[in-house]
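Residue numbers (our numbering): 4 to 508.
Where is the CB? At the ideal position from N, CA and C, for every residue including glycine.
Here is the structure we will look at.
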Amino acid sequence: MAALDNHALVAVIGAGAMGAGIAQVAAQAGHPVCLYDNRPGAAAQAIEGIDRQLGRLVEKGRLTPDNHSAIRARLQPIDSLDGLADARLVIEAIVESLPIKQDLLRQLEARCADDCILASNTSSLSITSLAAGLRLPQRVIGMHFFNPAPLMALVEVVSGLATAPTLATTLYDTARNWGKQPVHTRSTPGFIVNRVARPFYAESLRLLQESAADCATLDALLRDAGGFRMGAFELTDLIGHDVNYAVTCSVFEAFYGDFRFQPSLVQKELVDAGRLGRKSGQGFYSYAEGAERPAPAALTSQAPVERCTVEGDLGVLQPLVERLRAKGIGVTKRAGSGLLRVGDATLALSDGRLASQRAREDGLRNLVLLDLALDYASATRLAISHGAECSAEALDQAVALLSRAGLSVCPVADLPGLVVLRTVAMLANEAADAVLQGVGTPGDIDLAMRAGVNYPRGPLAWADDLGVGFTLNVLDNLQRSYGEERYRPSLLLRRTHAEGGRLHG
4 MAALDNHALV AVIGAGAMGA GIAQVAAQAG HPVCLYDNRP GAAAQAIEGI DRQLGRLVEK
64 GRLTPDNHSA IRARLQPIDS LDGLADARLV IEAIVESLPI KQDLLRQLEA RCADDCILAS
124 NTSSLSITSL AAGLRLPQRV IGMHFFNPAP LMALVEVVSG LATAPTLATT LYDTARNWGK
184 QPVHTRSTPG FIVNRVARPF YAESLRLLQE SAADCATLDA LLRDAGGFRM GAFELTDLIG
244 HDVNYAVTCS VFEAFYGDFR FQPSLVQKEL VDAGRLGRKS GQGFYSYAEG AERPAPAALT
304 SQAPVERCTV EGDLGVLQPL VERLRAKGIG VTKRAGSGLL RVGDATLALS DGRLASQRAR
364 EDGLRNLVLL DLALDYASAT RLAISHGAEC SAEALDQAVA LLSRAGLSVC PVADLPGLVV
424 LRTVAMLANE AADAVLQGVG TPGDIDLAMR AGVNYPRGPL AWADDLGVGF TLNVLDNLQR
484 SYGEERYRPS LLLRRTHAEG GRLHG
């Protein structure tokens, strides 16, 4: 079964922001679109809003006036479900409630032709459960858009237990024709994105709870070192803590209390206090008029630095050495185990152990651990940690060296895996488990995380670049440090490392 013909009638149920956005996408792709909402006048108002959006595109030169008129003409509000007999695809985007959606699907089944596809835009509900009890459950499928639908590229095409495989292919091809980047996934809790993304929030929340650093510093590190568009605290403030916390609780409960998805007491306290983020004026940050965002913590040093020594292969840290050379720092190379030395200080990429633990176990004096960066050649900020054995003079020398490379140096407490490294390792771990459990392919999962939540790199590709063995070692060290199931490595990581392979084959 090929993609739907672009003249096929598409109906969208629910005229909120998501429903209106989906209607706009379908109409821009050439489909006649009916928009329904059970609130009188809501569908017509939504179409007026779409019309204004299209008008702004004309003003920006992204749409011609003729195309604007043609798209607007394809949008039609309806005030009853009875006119859907000719619809080929119905997409519901109503309230996220299983019984309410099930009731709607029963009504649609009674009114639509047997070959009409019934799709749900649910972000978390089981497609299998939604289809249960219908006469033709094989025609029910998930088509999960991301908000705002006209701008976000990803669509998760979600198959339930009864969904016909040909139906998934049809919607996948249709989404591509609509200019989207679709991925196939099974109906499991959180699908791909809302499952794999949980560690992004969870690790920052835990670091805050453990006093690793403040919100502004942790957010800045994820942005300026990790390459993420936003840090976890500013992002959850934007999403709304009530929404983000509810999704976390839903996934946690759906996985029968798996500690990897355990909600945060820090976020619960915000929800209990009504500090929901931007929409309430206060979350992790204040959004009151005139409120200023706190500056990230940073260390400075005036210590003179002229030379450093590279011992062995620094791996992903090598671009940092090139930055130092470009700044006039002399670099001496000698055999060793992947260390960078300046004065009395020893610098090393974190491997998931505490700095104090690694210094003792490896016999390293004045050890300063470096966090992961997406690209050490262009990062503007980097986290460091050190144990109590590190002298103030050695720390000052390490800060001076990194500052000469053009990095803003952020101190974090001596905790396993620092900030970016533990976040990336946990994202890769969850993505690996999703592959292991047949939720999606490595390619689809990485695409979903890039296109759905704007990650700078797919977690599995990132783990491949770091080395599967290195990623596995970081997770093993995290689990040993905390003694918790939360950090247990995926069997897929262990197997791939044992085979000497890559997650992307």
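In angstroms with no decimal places, state the Cα-to-Cα distance between residue i and residue j.
| i | j | result |
| --- | --- | --- |
| Arg-296 | Gly-366 | 41 Å |
| Val-28 | Asp-399 | 55 Å |
| Gly-293 | Ser-283 | 15 Å |
| Leu-540 | Ala-358 | The structure shown does not extend to residue 540, since the chain is modelled only from 4 to 508, so the question has no answer here. |
| Gly-145 | Ala-451 | 15 Å |
| Asp-89 | Ala-122 | 16 Å |
| Leu-421 | Arg-328 | 26 Å |
| Leu-87 | Gln-265 | 43 Å |
| Phe-203 | Asp-378 | 19 Å |
| Val-334 | Ala-200 | 39 Å |
| Arg-460 | Asp-467 | 11 Å |
| Ala-380 | Arg-453 | 21 Å |
| Asp-118 | Pro-168 | 14 Å |
| Arg-75 | Asp-8 | 19 Å |
| Pro-307 | Ala-235 | 36 Å |
| Thr-499 | Ser-72 | 54 Å |
| Val-438 | His-507 | 11 Å |
| Pro-419 | Ala-391 | 15 Å |
| Glu-62 | Phe-148 | 26 Å |
| Glu-95 | Phe-231 | 31 Å |
| Ser-289 | Gln-56 | 30 Å |
| Ile-53 | Cys-37 | 13 Å |
| Ile-550 | Trp-465 | Outside the displayed range of the chain (4 to 508) lies residue 550, so it cannot be described from this structure. |
| Ala-219 | Glu-488 | 29 Å |
| Met-233 | Ala-116 | 45 Å |
| Ala-362 | Ala-395 | 16 Å |
| Val-15 | Gly-64 | 28 Å |
| Ser-267 | Ala-215 | 16 Å |
| Asp-354 | Leu-478 | 9 Å |
Could you work out which residue in the options is closest to residue i when comparing CA atoms only?
| i | options | result |
| --- | --- | --- |
| Arg-198 | Asp-449, Leu-101, Glu-213 | Asp-449 |
| Val-143 | Arg-425, Ala-219, Ile-130 | Ile-130 |
| Gln-440 | Phe-148, Leu-496, Thr-251 | Leu-496 |
| Asn-180 | Ala-6, Ser-289, Gly-409, Ala-408 | Ala-6 |
| Ser-484 | Arg-65, Gly-234, Arg-356 | Arg-356 |
| Ala-152 | Gln-31, Arg-460, Ala-167, Ala-382 | Gln-31 |
| Leu-78 | Gln-48, Arg-65, Phe-236 | Gln-48 |
| Tyr-458 | Ala-219, Arg-226, Ala-408, Lys-63 | Arg-226 |
| Asn-41 | Gly-22, Leu-57, Ile-53 | Gly-22 |
| Glu-325 | Asp-106, Leu-108, Leu-404 | Leu-404 |
| Arg-505 | Asn-480, Gly-446, Leu-241, Val-15 | Gly-446 |
| Leu-139 | Glu-213, Arg-114, Ala-156, Leu-494 | Arg-114 |
| Leu-323 | Leu-352, Ala-14, Ser-340 | Leu-352 |
| Asp-417 | Ala-156, Leu-481, Glu-99 | Leu-481 |
| Gly-339 | Ile-332, Gly-346, Gly-318 | Gly-318 |
| Leu-469 | Glu-487, Arg-489, Arg-425, Leu-494 | Arg-425 |
| Asp-82 | Tyr-39, Ala-116, Leu-111 | Tyr-39 |
| Phe-194 | Val-160, Ser-214, Gly-64, Leu-111 | Val-160 |
| Glu-99 | Glu-112, Asn-124, Gln-110 | Asn-124 |
| Ala-135 | Asn-150, Met-155, Glu-112, Ala-156 | Glu-112 |
Is it true that the CB of residue j sits closer than 8 Å to the CB of residue i?
| i | j | result |
| --- | --- | --- |
| Val-158 | Pro-185 | yes |
| Leu-463 | Ala-501 | no |
| Leu-556 | Pro-43 | In the structure as shown, the chain begins at 4 and stops at 508. Residue 556 is therefore absent and cannot be evaluated. |
| Gly-24 | Ile-97 | no |
| Ile-120 | Leu-101 | no |
| Ala-165 | His-187 | no |
| Gly-286 | Gly-280 | yes |
| Ser-190 | Ser-162 | yes |
| Gly-455 | Val-254 | no |
| Val-274 | Asp-316 | no |
| Leu-84 | Gln-105 | no |
| Arg-407 | Lys-336 | no |
| Ile-387 | Ala-397 | no |
| Arg-344 | Cys-311 | yes |
| Leu-137 | Leu-107 | no |
| Glu-237 | Asp-222 | yes |
Since residue i and residue j should fall inside the 8 Å C-beta cutoff, what is the C-beta to C-beta distance between them, to a whole number of angstroms?
| i | j | result |
| --- | --- | --- |
| Val-423 | Gly-229 | 4 Å |
| Arg-368 | Leu-224 | Incorrect: roughly 26 Å between the Cβ atoms, too far for contact. |
| Glu-314 | Leu-342 | 4 Å |
| Leu-370 | Thr-349 | 5 Å |
| Pro-80 | Ala-46 | 4 Å |
Just checking: is the beta-carbon of residue i within a distance shorter than 8 Å of some beta-carbon in chain C?
| i | result |
| --- | --- |
| Phe-255 | The displayed structure is made up of one protein chain only, and chain C is not part of it. |
Would you say the region 474-486 touches the region 428-436, given that touching needs at least three Cβ pairs under 8 Å?
-> As far as the Cβ criterion goes, the region 474-486 touches the region 428-436, which means the pair count is three or higher.
Between the region 413-420 and the region 296-307, are three or more C-beta pairs nearer than 8 Å?
-> A contact exists between the region 413-420 and the region 296-307.
Cβ contact check for the region 253-262 and the region 203-211: 3 or more pairs under 8 Å = Result no; under three Cβ-Cβ pairs closer than 8 Å.
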